[in-house]
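Undergrad: Take the sequence shown: its position 459, counting from 1, is numbered 459 in UniProt numbering, and each next residue is one higher. One structure follows; several queries about it will come next.
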Amino acid sequence: MDKERKAYKSPKWIATQKAYFNKDLRYGLNSDTENLLYSVADRTTIRKNYDQMEEAFSCILANLLHADAIDAPIVYSRSSNDYVIERKRYGYGFYTFRMMIRLIDAMYGMGLVQGVKGRKYPTGRCRPSKLWATDELLDPLYSSIDAVFIKPNDEVLYLKDTEKRLIDYDESDLTRAMRNQIHELNEMLGSLDITFTFDYDDLAEKPRARVNKFYKFISTIFSNQVFILPGSIPVSKIVSVREHKRLLTKYYTDFDHDAILSRKFGELSINCAINPVANTLRRVFNVDWCHGGRFYHAPHITLPSACRKTMTINGEPTEELDYSGLHVRMLYNHLGIDYRNECYVYLKSDKANRDDRERMKLASLIVINSGDREKAIKAIHNQCRKKGIHYPAGQFGRYGALIECFQDYHSRIKKFLLSGKGLELQYQDSVIMASILERMMWKGIPALPVHDSIICPARYKEFLRQVMMEEYEKEMGFEPIIDEKGK
1 MDKERKAYKS
11 PKWIATQKAY
21 FNKDLRYGLN
31 SDTENLLYSV
41 ADRTTIRKNY
51 DQMEEAFSCI
61 LANLLHADAI
71 DAPIVYSRSS
81 NDYVIERKRY
91 GYGFYTFRMM
101 IRLIDAMYGM
111 GLVQGVKGRK
121 YPTGRCRPSK
131 LWATDELLDP
141 LYSSIDAVFI
151 KPNDEVLYLK
161 DTEKRLIDYD
171 ESDLTRAMRN
181 QIHELNEMLG
191 SLDITFTFDY
201 DDLAEKPRAR
211 VNKFYKFIST
221 IFSNQVFILP
231 GSIPVSKIVS
241 VREHKRLLTK
251 YYTDFDHDAI
261 LSRKFGELSI
271 NCAINPVANT
281 LRRVFNVDWC
291 HGGRFYHAPH
301 ITLPSACRKT
311 MTINGEPTEE
321 LDYSGLHVRM
331 LYNHLGIDYR
341 NECYVYLKSD
351 KANRDDRERM
361 KLASLIVINS
371 GDREKAIKAI
381 HNQCRKKGIH
391 YPAGQFGRYG
401 ALIECFQDYH
411 SRIKKFLLSG
421 KGLELQYQDS
431 VIMASILERM
441 MWKGIPALPV
451 HDSIICPARY
461 KEFLRQVMME
471 EYEKEMGFEP
481 IIDEKGK
């Protein structure tokens with residue numbers, strides 16, 4: 001048996017999904033998994049900090065189950081440098097290089113996981129390590145899907161360095177005020193009954209985009225952020241999705257995958273509810289308190305837009321209002337220009353160039369946030385692939401042309417593009433968002449942030465519009481353009 005494991009050659013991973021360790025995810029250990037932990041621990045040299053070892057093992061199990069559910073390997077690091085994070089403030093005391101790698105290696109030796117180790121090439125390019133669970137481990141885990149949960153974290157104010165690693169910070173009146181505001185918002189969010197309907201065929205027009213959005217939805221189910229309501233499709237039917245992976249070949253395409261999922265879910269409407277325990281916001285800043293600061297973490301933020309359209313709050317239908325071309329217009333506002341024209345070159349009503357407009361929209365977001373042209377081109381290509389609107393093979397140069405077209409179209413703000421200005425803009429829009437949410441909360445009106453848009457009960461739509469107008473004008477000195485999402 002050991003020889004077979006050593007001779008094991010990892011399969012070519014056919015899925016385009018990737019999963020990263022979610023340090024907040026846990027698997028509730030029962031007698032069987034606790035016995036498994038004892039067996040794993042016996043194969044390591046870890047003899048202290050049993051509580052941390054139990055938490056680390058729980059986190060690994062939950063992430064392996066979650067990764068399998070979304071048809072993805074876990075991408076992780078075997079470099080001690082990547083485990084240098086502030087653990088005490090954020091409640092991640094278990095997340096050390098020694099703890100995580102020794103547990104993973106012991107599980108590998110027992111045949112519970114398989115994977116490939118990463119490699120650094122002479123060119124400087126790195127191939128990350130990948131990990132996935134074997135059926136020997138997955139079968140018992142899938143029998144207790146409800147055991148996966150998000151561990152509540154009292155710290156809701158996150159600060160990252162330039163490498164996106166969590167760092168500590170000094171407390172101040174500013175940090176205390178922001179934290180108190182987020183806790184008040186989370187208390188309101190936790191009291192809401194938020195439901196939505198999932199329809200596979202409505203997710204997107206392109207097969208690849210449908211598949212990607214399906215796995216976004218699956219991700220919320222298997223991280224216990226979303227419940228499937230009684231009377232809807234049983235979770236067991238969703239679990240059975242993993243069975244089709246054994247039938248796929250190297251000739252697998254998005255169309256094959258989409259066809260399989262469409263047969264299983266195409267005629268079903270799945271009624272779901274957001275787990276109120278998981279419905280919490282965090283603000284994430286970058287380097288200092290003047291960069292980033294957007295609201296993240298709440299389940300509604302990552303739901304596909306098609307699901308958000310069907311959302312109800314406490315039984316009431318909702319509307320989502322969106323700042324049109326937010327960062328593009330903000331850049332013009334910085335120059336004292338009230339820009340009211342099309343932001344993405346092609347008009348929204350131009351159906352013939354719908355894909356070109358979508359590519360340009362993706363390019364604009366990346367060009368505003370990136371500080372490197374080559375990295376921006378690769379990012380645009382990657383995002384276009386996820387959306388199913390990438391150019392045919394051999395036309396990679398057209399992604400660079402997207403950047404040039406956007407720069408020419410917006411020549412007056414060209415100096416801001418590819419300059420990394422995006423984090424400053426995110427800070428400004430997060431200030432606007434925080435003010436809007438606080439005003440809505442004072443009025444007792446539920447409001448859910450989604451980066452540059454806000455969801456609220458439909459009957460409060462016009463009041464929300466007024467608040468959005470006023471707070472933007474207060475920060476930027478100009479009136480915004482506000483659209484109704486999806487219309």
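Glycine included, each C-beta is placed from N, C-alpha and C at the ideal position. Source: prediction; values computed, not measured.
(1) Does P140 come out as helix, strand or coil in the three-state DSSP assignment?
(2) With DSSP as the reference, identify every bridge partner of W289, one or two as the case may be.
(3) Which residue spans inside the segment 77-103 form an unbroken alpha helix (DSSP H) run of at least 4?
(4) Can you name the start and end residues of the alpha helix (DSSP H) that Q466 belongs to?
(5) If the criterion is Cβ atoms closer than 8 Å, does the pair L112 and L65 meet it?
(6) Apart from the five residues on each side of it in sequence, which residues of its chain come closer than 8 Å, Cβ to Cβ, to I445?
(7) Let me check understanding here. Comparing Cα to Cα, which of K387, F265, N341 and D322 lies closest to R354?
(8) Taking the CB atoms as reference points, tell me whether N22 and S324 lie closer together than 8 Å.
(9) Look at T96 and L189 and say whether their C-beta atoms are less than 8 Å apart.
(10) Starting from V148, follow its DSSP beta bridges and name the residues at the other end.
(11) Under 8 Å by Cβ, that's how I've got R357 and Y344 pegged, so tell me the actual separation to the nearest angstrom.
(12) Does the pairing of the segment 280-299 with the segment 154-164 give three or more beta-carbon distances under 8 Å?
(13) Beta carbon of N271, beta carbon of T197: below 8 Å?
(14) Run through the segment 259-326 for me and flag every whole alpha helix (DSSP H) of 4 or more residues, listed as ranges in chain order.
(15) Quick check: what's the CA-CA separation for Y339 versus K414?
(16) Helix, strand or coil for C343, going by three-state DSSP, please let me know.
(17) Assuming H300 contacts V450 (C-beta within less than 8 Å), just tell me the rounded distance between them.
(18) By the three-class DSSP mapping on this structure, what secondary structure does A62 have?
(19) Tell me the DSSP bridge mates of G115?
(20) Considering only C-alpha positions, which residue in the set T195, R26 and A72 is nearest to T318?
(21) Under 8 Å, with one C-beta from each stretch per pair, do the segment 403-419 and the segment 256-265 reach the 3-pair mark?
(22) Helix, strand or coil for F214 per DSSP?
(23) Alpha carbon to alpha carbon, how far is C384 from S370? Give it in angstroms, no decimals.
(24) Give me the residue from L268, I218, I432 and V284 with the minimum Cα distance to Y90.
(25) So for T220, helix, strand or coil by DSSP?
(26) Quick one: Cα of I85 to Cα of R125, how far?
(27) L103 and F57 look like a contact to me (Cβ under 8 Å); what is the Cβ gap, rounded to whole Å?
(28) Between the C-alpha atoms of K38 and Y142, what's the straight-line distance to the nearest angstrom?
TA: Walking through what the data contain:
(1) Three-state DSSP puts P140 in a helix.
(2) Beta-bridge annotation (DSSP): W289 is not paired with any residue.
(3) Runs of the alpha helix (DSSP H) lying entirely within the segment 77-103 and spanning at least 4 residues, in chain order: 87-90.
(4) Start and end: K461 to M476.
(5) The beta carbons of L112 and L65 sit no closer together than 8 Å.
(6) Within its own chain, the residues whose Cβ lies closer than 8 Å to the Cβ of I445, once the five positions on either side in sequence are excluded, are C456, P457, Y460, F463 and L464, listed in chain order.
(7) Distance from the Cα of R354 is smallest, within the candidate group K387, F265, N341 and D322, for K387.
(8) It is not a contact, given that the beta carbons lie outside the stated cut-off.
(9) It is not a contact, given that the beta carbons lie outside the stated cut-off.
(10) Listed as beta-bridge partners of V148 by DSSP are Y27.
(11) Right, the Cβ-Cβ distance comes to about 5 Å (below 8 Å), so this counts as a contact.
(12) When Cβ pairs closer than 8 Å are counted between the two stretches, the segment 280-299 is seen to touch the segment 154-164, the count reaching three or more.
(13) Yes, the Cβ-Cβ distance between N271 and T197 is below 8 Å.
(14) Counting whole runs of 4 or more residues, the segment 259-326 contains the alpha helix (DSSP H) stretches 299-302 and 305-308.
(15) Those two C-alpha atoms are separated by around 14 Å.
(16) Looking at C343 - three-state DSSP - the assignment turns out to be coil, as it is neither helix nor strand.
(17) Taking 8 Å as the upper bound for CB-CB distance, H300 and V450 are in contact here, some 7 Å apart.
(18) The DSSP-derived three-state label of A62 is helix.
(19) Partner(s): L131.
(20) The shortest C-alpha to C-alpha distance from T318 to any of T195, R26 and A72 is the one to T195.
(21) Taking 8 Å as the limit for Cβ pairs, the verdict is that the segment 256-265 does not touch the segment 403-419.
(22) Assignment of F214 by DSSP, reduced to helix, strand and coil, places it in the helix class.
(23) When rounded, the distance between both Cα atoms is 16 Å.
(24) Checking every option, the nearest Cα to that of Y90 belongs to V284.
(25) Correct three-state label for T220: helix.
(26) In a straight line, the C-alpha of I85 is about 23 Å away from that of R125.
(27) 6 Å between Cβ atoms; contact.
(28) Looking at the sequence provided, one finds Tyr at residue 38 rather than Lys. The C-alpha of Y142 is placed about 20 Å away from the C-alpha of Y38.
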